[in-house]
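Enquirer: Residue numbers (this note's numbering), protein chains in the order written: chain A, 224 to 464; chain B, 224 to 464.
My questions will all concern the structure given below.
Protein chains: 2
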Amino acid sequence: MSTALPRTKRMSGEKRKQAILQAAAPVIARAGFQGASVRDIAEAAGVSEALLYKHFPSKQALYDEALAGARESSQFTIARFATLEPGTESFVLLTYATVDFILFGFPGSKDPEQGIARLVFQSLLGDGSHARAIFADTAANWMDYVLASYQAAIDEGDIVELPIEPPHRFRFVQQLAMALRLSHLPEEPAFAYRGSKRKLADQAVLFSLRGVGLTDAAIKTHFQPRKLRAALARLFSEYTS
Amino acid sequence: MSTALPRTKRMSGEKRKQAILQAAAPVIARAGFQGASVRDIAEAAGVSEALLYKHFPSKQALYDEALAGARESSQFTIARFATLEPGTESFVLLTYATVDFILFGFPGSKDPEQGIARLVFQSLLGDGSHARAIFADTAANWMDYVLASYQAAIDEGDIVELPIEPPHRFRFVQQLAMALRLSHLPEEPAFAYRGSKRKLADQAVLFSLRGVGLTDAAIKTHFQPRKLRAALARLFSEYTS
DNA sequence: CAGCGAGGTGAGTAAACGCTAACTTACTTC
DNA sequence: GAAGTAAGTTAGCGTTTACTCACCTCGCTG
Numbered sequence: 224m225s226t227a228l229p230r231t232k233r234m235s236g237e238k239r240k241q242a243i244l245q246a247a248a249p250v251i252a253r254a255g256f257q258g259a260s261v262r263d264i265a266e267a268a269g270v271s272e273a274l275l276y277k278h279f280p281s282k283q284a285l286y287d288e289a290l291a292g293a294r295e296s297s298q299f300t301i302a303r304f305a306t307l308e309p310g311t312e313s314f315v316l317l318t319y320a321t322v323d324f325i326l327f328g329f330p331g332s333k334d335p336e337q338g339i340a341r342l343v344f345q346s347l348l349g350d351g352s353h354a355r356a357i358f359a360d361t362a363a364n365w366m367d368y369v370l371a372s373y374q375a376a377i378d379e380g381d382i383v384e385l386p387i388e389p390p391h392r393f394r395f396v397q398q399l400a401m402a403l404r405l406s407h408l409p410e411e412p413a414f415a416y417r418g419s420k421r422k423l424a425d426q427a428v429l430f431s432l433r434g435v436g437l438t439d440a441a442i443k444t445h446f447q448p449r450k451l452r453a454a455l456a457r458l459f460s461e462y463t464s
Numbered sequence: 224m225s226t227a228l229p230r231t232k233r234m235s236g237e238k239r240k241q242a243i244l245q246a247a248a249p250v251i252a253r254a255g256f257q258g259a260s261v262r263d264i265a266e267a268a269g270v271s272e273a274l275l276y277k278h279f280p281s282k283q284a285l286y287d288e289a290l291a292g293a294r295e296s297s298q299f300t301i302a303r304f305a306t307l308e309p310g311t312e313s314f315v316l317l318t319y320a321t322v323d324f325i326l327f328g329f330p331g332s333k334d335p336e337q338g339i340a341r342l343v344f345q346s347l348l349g350d351g352s353h354a355r356a357i358f359a360d361t362a363a364n365w366m367d368y369v370l371a372s373y374q375a376a377i378d379e380g381d382i383v384e385l386p387i388e389p390p391h392r393f394r395f396v397q398q399l400a401m402a403l404r405l406s407h408l409p410e411e412p413a414f415a416y417r418g419s420k421r422k423l424a425d426q427a428v429l430f431s432l433r434g435v436g437l438t439d440a441a442i443k444t445h446f447q448p449r450k451l452r453a454a455l456a457r458l459f460s461e462y463t464s
């Protein structure tokens, strides 16, 4: 079940703090802030409750730091896309990656059971501050690449004119993927459907590409799931070991 | 803030039970199962904890019943659409209504602060059983109408061929709307954007219509938000008093 | 009008909660 | 090797939690 760490030897302050945070995140992700007791977290981290309070003034502070830490873990991924030259092809790939990463996890993420997603949704049921921060982060990181390749796709004549603000287009893609992720959080998905989750994701990408304004001709040429997956695998080959 | 009912006079068993359930729902919706204490719920219902336990064997049972009750509240709405004759026009209206109702609440729903949405999302962070039940309910109610009008739209030549299973198409619309709703649960939305929420919803409908496969010509003819809102208002005029 | 059952409550229970004081242990420093 | 300190624990604080029990109070009906 949960990784209840055995009591380990002495550790320097900062190292211990990080170890606690890393152990706390999945516990909180699973049970929520209210559901995860300090005892649970301490046990998962393999330390006493008292030590935990040496590092964090309160449970709330621990929670905040754990979420802030989780936030940083999906930042570096996007840099990989900088190597692509903007165009319809890269735009489709970016769209595919958006859905893929949200639904199946970011490449190289050591997030064991994709607790970050749970934390985001829990935040949205609360004051939403952490979710807002994460959204802002990813927007800041992705938007440049996406808008660039989107503009390139327009220049190639592959985008239909629609009265949708460009940023909204990609937000809708992201939001759809998030909802699908949320619907798959329980062991049994929230809605029953035929076929694999992979196939569902592919169809969601297709839905998104058309929703975003791609012409049917461009979709026909560029939307080839197998090739797109291969391209992604190539881009992130170092993580797939 | 919360409606803390005053202790009322004697009441018959079943009536009291319903009153408790009705008072419990928003409290649980706001704070979650773990966050809402039995004391809180009892106070909100204007009764003692002991009486509460006369009606429900445990907190969990109360929770389950409260959610099961909330489930029934959005059933009748759809019957209104039976009066429309299938076609591209009614298909667009149904799509618009899906997004509108999820984002702004069902017409005639007395759900004060749209607690049902919160309950659904909370369920998804748990075992998802309640969310699954609600999804199954709405699917059973809506799918017939939607598929009928969708087929009519195909017959009118307004739908582009896409390798997306028809049920998925409408699920994606629903899922997108749900994600937007979730992102708007906190006071401040999870992502910042220009313009009103209404405008965002309209653009989401447009995105959805294209994603679902509607031809650009059909979109141009049928997607007129003002007219669609008027049509909805007409259909549900009895609730808008 | 006695009695009785259903509606309703105050005062608890044991366990779990967040948190802390007081202590021990291990490592560094000169 | 004594002193100093950071790392770590034990035991328990006061409170809240879900839940229970003994009791009260009506409105009814034989």
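All C-beta atoms in this analysis are idealised placements derived from N, C-alpha and C, irrespective of residue type, glycine included.
Compute the distance between the beta-carbons of Pro-249(A) and Ala-267(A), then report whether it is under 9 Å.
Expert: Looking up residue 249(A) in the first sequence gives position 26. Looking up residue 267(A) in the first sequence gives position 44. Going by C-beta atoms, Pro-249(A) is nearer than 9 Å to Ala-267(A).
Enquirer: Expressed to the nearest angstrom, what Euclidean distance is found between the alpha-carbon atoms of Ile-243(A) and Leu-275(A)?
Expert: For the purposes of this step, residue 243(A) is identified with residue 20 of the first sequence, where counting begins at 1. For the purposes of this step, residue 275(A) is identified with residue 52 of the first sequence, where counting begins at 1. Approximately 8 Å between the Cα atoms of the pair.
Enquirer: Is it buried or exposed for Ala-424(B), if we count other Cβ within 10 angstroms and need 16 for buried?
Expert: Numbered from 1 along the second sequence, position 201 holds the residue referred to as residue 424(B). The residue in question, Ala-424(B), is buried, as its Cβ has 16 or more Cβ neighbours within 10 Å.
Enquirer: Given Thr-300(B), which residues of its chain have a CB within under 6 Å of its CB, disregarding the five upstream and five downstream residues?
Expert: Reading the second sequence from its first residue, position 77 is the one you call residue 300(B). Closer than 6 Å at the Cβ level, and outside the excluded window around Thr-300(B), lie Phe-329.
Enquirer: What residues in its chain sit with their C-beta under 6 Å from that of Gly-436(B), if we drop five residues either side in the sequence?
Expert: For this step, residue 436(B) is matched to residue 213 along the second sequence. Contacts found: Ile-382, Val-383, Leu-385.
Enquirer: Compare the C-beta of Arg-452(A) with all C-beta atoms of chain B and state if any pair is closer than 9 Å.
Expert: On the first sequence, position 229 is the one that residue 452(A) refers to. So no, Arg-452(A) is outside the interface.
Enquirer: With three or more C-beta pairs closer than 8 Å as the rule, is the segment 450 to 459 of chain A touching the segment 310 to 319 of chain A?
Expert: The segment 310 to 319 of chain A vs the segment 450 to 459 of chain A: in contact.
Enquirer: Along the segment 382 to 395 of chain A, where does the CB come closer than 8 Å to a CB of chain B? Name the residues.
Expert: Answer set for the segment 382 to 395 of chain A: Val-383, Leu-385, Pro-386, Ile-387, Glu-388, Pro-390, His-391, Arg-392, Arg-394, Phe-395.
Enquirer: Would you report the Cα separation of Thr-306(B) and Ala-376(B), rounded to the nearest angstrom?
Expert: Translated into the one-based positions of the second sequence, residue 306(B) becomes position 83. Translated into the one-based positions of the second sequence, residue 376(B) becomes position 153. If I take the Cα positions, the gap works out to 17 Å.
Enquirer: Using a Cβ cut-off of 7 Å, which residues of the segment 344 to 360 of chain A contact any Cβ in chain B, in chain order?
Expert: Result list: Phe-344, Gln-345, Leu-347, Leu-348, Asp-350, Gly-351, Ala-354, Arg-355, Phe-358.
Enquirer: What does Pro-249(A) touch in chain B if you count any residue whose Cβ is under 7 Å from its own?
Expert: Position 26 of the first sequence, counted from the start, is the residue given in the question as residue 249(A). Going along chain B, no residue has its Cβ under 7 Å from Pro-249(A), so there is no contact; the nearest lies around 14 Å.
Enquirer: Would you check if there are 3 or more beta carbon pairs closer than 8 Å linking the segment 388 to 404 of chain A to the segment 394 to 409 of chain B?
Expert: With the cut-off at 8 Å, the segment 388 to 404 of chain A and the segment 394 to 409 of chain B touch.
Enquirer: So, using beta-carbon positions, are Tyr-203(B) and Glu-388(A) closer together than 9 Å?
Expert: This structure does not reach residue 203(B), given that chain B is present from 224 up to 464, and the question cannot be answered.
Enquirer: At 8 Å on the CB atoms, spell out the chain B contacts of Asp-439(A), in chain order.
Expert: The residue given as residue 439(A) occupies position 216 in the first sequence. The contacting residues are Val-383.
Enquirer: Within a Cβ cutoff of 6 Å, which residues of the same chain sit near Glu-379(B), ignoring the five residues on either side of it in sequence?
Expert: Taking the first residue of the second sequence as 1, we reach residue 379(B) at position 156. Excluding sequence neighbours, Glu-379(B) sits near Thr-311.
Enquirer: Evaluate the contact criterion for the segment 332 to 346 of chain B versus the segment 439 to 452 of chain B: three or more CB pairs, one atom per stretch, below 8 Å.
Expert: Output reads no: the segment 439 to 452 of chain B does not touch the segment 332 to 346 of chain B.
Enquirer: Tell me Leu-437(B)'s beta-bridge partners as DSSP assigns them.
Expert: In the second sequence, counting from the first residue as 1, residue 437(B) sits at position 214. Leu-437(B) is bridged to Ile-382(B).
Enquirer: Using the beta-carbon count (16 or more within 10 Å), is Asp-323(B) buried or exposed?
Expert: By one-based count along the second sequence, residue 323(B) stands at place 100. Classification of Asp-323(B): buried, given that the 10 Å Cβ count is 16 or more.
Enquirer: For a contact defined as C-beta to C-beta under 7 Å, what are the partners of Gln-337(B) on chain A?
Expert: As a working note, residue 337(B) is residue 114 in the second sequence. Simply none; closest approach about 13 Å.
Enquirer: For Leu-429(B), would you say it is in contact with chain A, using Cβ-to-Cβ distances shorter than 9 Å as the test?
Expert: The count along the second sequence starts at 1 and reaches residue 429(B) at position 206. At least one chain A Cβ lies under 9 Å of Leu-429(B).
Enquirer: Mind checking whether Arg-421(A) and Ile-357(A) have CB atoms under 9 Å apart?
Expert: Mapped onto the first sequence, residue 421(A) falls at position 198. Mapped onto the first sequence, residue 357(A) falls at position 134. No; because the gap between Cβ atoms is not below 9 Å, this pair is not in contact.
Enquirer: Whole-angstrom Cβ separation of Ile-204(A) and Ala-284(A), contact assumed at under 8 Å?
Expert: Residue 204(A) is absent from the model: chain A starts at 224 and stops at 464.
Enquirer: DSSP three-state call for Ser-225(B): helix, strand or coil?
Expert: Translated into positions along the second sequence, residue 225(B) becomes position 2. Residue placement at Ser-225(B) cannot be trusted, given a pLDDT of 47 that sits under 50; what the coordinates show is reported in the next sentence. The answer is coil: DSSP assigns Ser-225(B) none of H, G, I, E or B.
Enquirer: Would you kindly check if the distance between the Cβ of His-407(B) and the Cβ of Leu-342(B) is under 9 Å?
Expert: For the purposes of this step, residue 342(B) is identified with residue 119 of the second sequence, where counting begins at 1. For the purposes of this step, residue 407(B) is identified with residue 184 of the second sequence, where counting begins at 1. In this structure, His-407(B) does not lie closer than 9 Å to Leu-342(B) by Cβ.
Enquirer: Is Met-366(A) helix, strand or coil when you go by DSSP?
Expert: Start at 1 with the first residue of the first sequence, and residue 366(A) comes out as number 143. Reduced to three states, the DSSP call for Met-366(A) is helix.
Enquirer: Helix, strand or coil: how does DSSP classify Ser-460(A) here?
Expert: Position 237 of the first sequence holds residue 460(A). Looking at Ser-460(A) - three-state DSSP - the assignment turns out to be helix.
Enquirer: So, under 8 Å CB-CB, Leu-347(B) and Leu-405(A) are touching, yes? Tell me the CB distance rounded to an integer number of Å.
Expert: For the purposes of this step, residue 347(B) is taken as residue 124 along the second sequence, with counting starting at 1. For the purposes of this step, residue 405(A) is taken as residue 182 along the first sequence, with counting starting at 1. About 5 Å separates the two Cβ atoms, so the contact holds.
Enquirer: For Tyr-416(A), would you say it is in contact with chain B, using Cβ-to-Cβ distances shorter than 9 Å as the test?
Expert: Stepping through the first sequence from its first residue, residue 416(A) is reached at position 193. Taking Cβ atoms only, chain B reaches closer than 9 Å to Tyr-416(A), which makes this a yes.
Enquirer: Tell me the rounded alpha-carbon separation between Ala-340(A) and Arg-230(B).
Expert: Here residue 340(A) corresponds to residue number 117 of the first sequence, with the count starting at 1. Here residue 230(B) corresponds to residue number 7 of the second sequence, with the count starting at 1. Taking the straight line from one Cα to the other gives about 42 Å.
Enquirer: Would you call Phe-351(B) buried or exposed, if buried means 16 or more other Cβ atoms sit within 10 Å of its Cβ?
Expert: Sequence index remark: in the second sequence, residue 351(B) carries index 128 (1-based). The amino acid at residue 351(B) is misidentified as Phe; the sequence shows Gly. Flag for Gly-351(B) reads buried.
Enquirer: My understanding is that Tyr-368(B) touches Leu-317(B), with C-beta atoms under 8 Å, so please give their C-beta distance in whole angstroms.
Expert: Taking the first residue of the second sequence as 1, we reach residue 368(B) at position 145. Taking the first residue of the second sequence as 1, we reach residue 317(B) at position 94. With a Cβ gap of about 6 Å, Tyr-368(B) and Leu-317(B) count as contacting.
Enquirer: What residue range does the alpha helix (DSSP H) around Met-401(B) cover?
Expert: As a first step, residue 401(B) is located in the second sequence; it is residue number 178 there, counting from the start. Run containing Met-401(B): 389 to 406, per the alpha helix (DSSP H) assignment.
Enquirer: What is the DSSP secondary structure of Pro-448(A), reduced to helix, strand or coil?
Expert: In the first sequence, the residue the question calls residue 448(A) occupies position 225. Correct three-state label for Pro-448(A): helix.
Enquirer: Applying the criterion that 16 or more other CB atoms from any shown protein chain within 10 Å of the CB defines a buried residue, is Ser-225(A) buried or exposed?
Expert: By one-based count along the first sequence, residue 225(A) stands at place 2. Its pLDDT being 46, under 50, Ser-225(A) is placed unreliably in this model, and the value from its coordinates should be taken loosely. Its Cβ having fewer than 16 others within 10 Å, Ser-225(A) is exposed.
Enquirer: Leaving aside the five residues before and after Ala-362(A) along the sequence, list all residues of the same chain whose C-beta is less than 6 Å from its C-beta, in chain order.
Expert: Reading the first sequence from its first residue, position 139 is the one you call residue 362(A). Taken in chain order, the list of residues that qualify is empty.
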